[in-house]
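Undergrad: The sequence shown runs 1 to 317 under UniProt numbering.
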Amino acid sequence: MSTVTHTPAGSDQAPPPDRTPGPRTAVGGSRAGAKIFNGFSHLFLAVWAIMVVYPLLWVVMSALKTDSEVIRKPLSLFPETLQWGNFTRAWTEGHIGDFFLNTVLVLTGSVFLTMLLGSMAAYVLARYDFPGNRLIYYMFLSGLTLPVYLAAVPLFKGVYNMGVTLPFLGPNKHLMLILVYVAWSLAFTVFFMHSFFRTLPNAIAEAALVDGASHSRMFFSVMLPMAKPGLISIGIFNVLGQWNQWYLPTLLMQSVAGEPKNQVISQGLIELSVNQGYKSDWSGLFAGVTMAMLPVLIVYIVFQRQVQSGLTAGVSK
1 MSTVTHTPAG SDQAPPPDRT PGPRTAVGGS RAGAKIFNGF SHLFLAVWAI
51 MVVYPLLWVV MSALKTDSEV IRKPLSLFPE TLQWGNFTRA WTEGHIGDFF
101 LNTVLVLTGS VFLTMLLGSM AAYVLARYDF PGNRLIYYMF LSGLTLPVYL
151 AAVPLFKGVY NMGVTLPFLG PNKHLMLILV YVAWSLAFTV FFMHSFFRTL
201 PNAIAEAALV DGASHSRMFF SVMLPMAKPG LISIGIFNVL GQWNQWYLPT
251 LLMQSVAGEP KNQVISQGLI ELSVNQGYKS DWSGLFAGVT MAMLPVLIVY
301 IVFQRQVQSG LTAGVSK
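Listed below in structure tokens is the structure:
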């Protein structure tokens, strides 16, 4: 039951103030909460940036130190003198140059074939209806659920048997590693480009067919250029994934006695870490890691806007 207070007639006493919060109080509270949230989010991003940037700088700057500095001041970022000779020693004596060239050779072939075959398969599955369309699409998706470790034994056995009949496709061969990379990357490429091709307008494709363009001409001359943002995005993902791949090269690029080593950069870093560990050449090891890390980092920094536009193109359309 509420109590009503009556003010006597002629009294100068004012009624009690209303304590109900008004709109200004609510707006002020929301602004204070927003400021607290923004401050917390900025603090979190600053801490996250330090956690990401500091290890990268530490690796790069350690590559410019002497071995004694690496041991005496392991967490320091500033070497006493810049030792640029560490990179030369790692490139020649550590054979990083050979590993680097092998990796570039393999990635050039594998990324090109992955992008070509993946975009063609995704385009057909996304734009044409035919019996078995969804079945083929789900078979590609099933490749995303299968860990590569489960296929290690049959994969190695198949590569070995193929190398018996076709020596240029056997173990320790660049062409075989290219084909395996293509098969390994095709599932995600088809999945990504399938969603992108479905967002492209049908009117342009119909106009090209009316003008007399064949299906292949329409794909290469009309639809593929329109899918450029998606191609750049999935291309960057394939470059990063295949550049950092270690398990498949270790499984398939095993040189036999008397054969040249065709190892890629991930294998070369493991071998360099073992050899340099025995030699106590830690500065050379850091130099090799830096040379393996910087190319992919530069590629991502240069194409980061294209990657973002490719990831958001399907939503904006």
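Ideal Cβ positions, reconstructed from N, Cα and C, are used throughout, including at glycine.
Quantities reported herein were computed from a predicted structural model and do not represent experimental measurements.
In terms of alpha-carbon separation, which member of L252, L77 and G158 lies closest to L178?
TA: According to the sequence shown, residue 178 is Ile rather than Leu. When each option's Cα is compared against that of I178, the closest is L252.
Undergrad: In angstroms with no decimal places, state the Cα-to-Cα distance between M51 and L57.
TA: Looking at the two C-alpha atoms, the distance is approximately 11 Å.
Undergrad: Over what stretch of residues does the alpha helix (DSSP H) that includes V264 continue unbroken?
TA: V264 -> no alpha helix (DSSP H), and no H or E assigned at all.
Undergrad: CA-CA distance, W91 and G132?
TA: W91 and G132: Cα-Cα distance of roughly 51 Å.
Undergrad: Could you give the C-beta distance for S119 and A227, rounded to a whole number, given that I count them as a contact under 8 Å?
TA: Right, their Cβ atoms sit about 7 Å apart.
Undergrad: What does a CB cutoff of less than 7 Å around S316 pick up in its chain, not counting 5 residues either side in sequence?
TA: Annotation note: pLDDT 47 at S316 (below 50); position unreliable, coordinate value reported separately. Once the five neighbours on either side are set aside, S316 has no close Cβ partner at all.
Undergrad: Please check the pair P69 and P55, which I expect to be a contact at CB under 8 Å, by giving their CB distance rounded to whole angstroms.
TA: In the sequence under discussion, the amino acid at residue 69 is Glu, which differs from the Pro named in the question. Between P55 and E69 the Cβ distance is about 18 Å, and since that is not below 8 Å, they are no contact.
Undergrad: How is G132 classed by DSSP in three states: helix, strand or coil?
TA: Note: G132 maps to coil in three-state DSSP.
Undergrad: So which of R127, G212, V190 and G158 has the shortest CA-CA distance to R198?
TA: Of the candidates R127, G212, V190 and G158, the one whose C-alpha sits nearest the C-alpha of R198 is R127.
Undergrad: Answer with buried or exposed for T189, where buried requires no fewer than 16 other C-beta atoms within 10 angstroms of its C-beta.
TA: T189 should be labelled buried.
Undergrad: Just list the alpha helix (DSSP H) runs in the region 218-249, keeping only unbroken ones of 4 residues or longer that don't cross its boundaries, in chain order.
TA: Listed in chain order, the complete alpha helix (DSSP H) runs (minimum 4 residues) inside the region 218-249 are 228-243.
Undergrad: Given a cut-off of 8 Å on the beta-carbon distance, is the pair I298 and F100 in contact?
TA: Taking 8 Å as the Cβ cut-off, I298 and F100 do not qualify as a contacting pair.
Undergrad: Can you tell which of G158, P147 and Y300 has its C-alpha closest to the C-alpha of S233?
TA: Closest option to S233, Cα to Cα, is Y300.
Undergrad: Is it right to say N102 is buried, meaning 16 or more other beta carbons lie within 10 angstroms of its own, or is it exposed?
TA: Buried is the call here.
Undergrad: List the endpoints of the continuous alpha helix (DSSP H) containing G170.
TA: Premise fails: G170 is in no alpha helix (DSSP H) and is neither H nor E.
Undergrad: What did DSSP end up calling T290 once you bin it into helix, strand or coil?
TA: Looking at T290 - three-state DSSP - the assignment turns out to be helix.
Undergrad: According to the Cβ coordinates, are N172 and S255 closer than 8 Å?
TA: For N172 and S255, yes; Cβs fall inside 8 Å.
Undergrad: Quick check on P147: buried or exposed, where buried means 16 or more other Cβ atoms within 10 Å of its Cβ?
TA: P147 is exposed by the Cβ-count criterion.
Undergrad: Quick check: the region 282-292 against the region 82-91, are there 3 or more CB pairs under 8 Å?
TA: They touch, by the three-pair rule.
Undergrad: Is K35 helix, strand or coil by DSSP?
TA: In the structure shown, K35 sits in a helix (DSSP, three-state: H, G or I).
Undergrad: Have a look at V307 and N86 and give me their C-alpha separation to the nearest angstrom.
TA: Whole-angstrom Cα-Cα distance: 34 Å.
Undergrad: Of the residues L175, V302 and D281, which one's Cα is nearest the Cα of Q83?
TA: Here the closest residue by C-alpha is D281.
Undergrad: Identify whether M253 lies in helix, strand or coil by the three-state DSSP scheme.
TA: In the structure shown, M253 sits in coil (DSSP, three-state: anything other than H, G, I, E or B).
Undergrad: Where does S76 sit, in a helix, a strand or coil, going by DSSP?
TA: Coil, per DSSP.
Undergrad: Counting only the same chain and skipping the five closest in sequence on each side, list residues whose C-beta sits under 7 Å from that of L209.
TA: Cβ within range, chain order: M218.
Undergrad: Quick check: the Cα distance between N238 and L272, rounded to an integer number of angstroms?
TA: Rounded to the nearest angstrom, the two C-alpha atoms are 25 Å apart.
Undergrad: How far does the alpha helix (DSSP H) with E206 in it extend, from its first residue to its last?
TA: Counting along the chain, the alpha helix (DSSP H) containing E206 begins and ends at N202 to V210.
Undergrad: With a threshold of 16 other CB atoms inside 10 Å of the CB of S185, please say whether the residue is buried or exposed.
TA: Looking at its Cβ environment, which holds 16 or more other Cβ atoms inside 10 Å, S185 is buried.
Undergrad: Short of 6 Å in beta carbon distance, which residues of its chain neighbour M61, apart from the five on each side in sequence? Order them along the chain.
TA: Closer than 6 Å at the Cβ level, and outside the excluded window around M61, lie L77.
Undergrad: Check this for me: beta carbons of G143 and A187, under 8 Å apart or not?
TA: Cβ distance < 8 Å, so G143 and A187 count as in contact.
Undergrad: For V159, which residues from the same chain have a beta carbon less than 8 Å from its beta carbon, with the 5 sequence-adjacent residues on both sides left out?
TA: The answer, listed in chain order, is L169, G170, P171, M176, V180 and L252.
Undergrad: Near V296, what residues of its chain come up, given a Cβ to Cβ distance below 6 Å and the 5 sequence neighbours on each side ignored?
TA: Once the five neighbours on either side are set aside, the close Cβ partners of V296 are L240 and W243.
Undergrad: Assuming F303 and I236 form a contact by the criterion Cβ under 8 Å, report the distance between their Cβ atoms to the nearest whole angstrom.
TA: Yes, they are in contact, since the Cβ atoms of F303 and I236 sit about 6 Å apart, within 8 Å.
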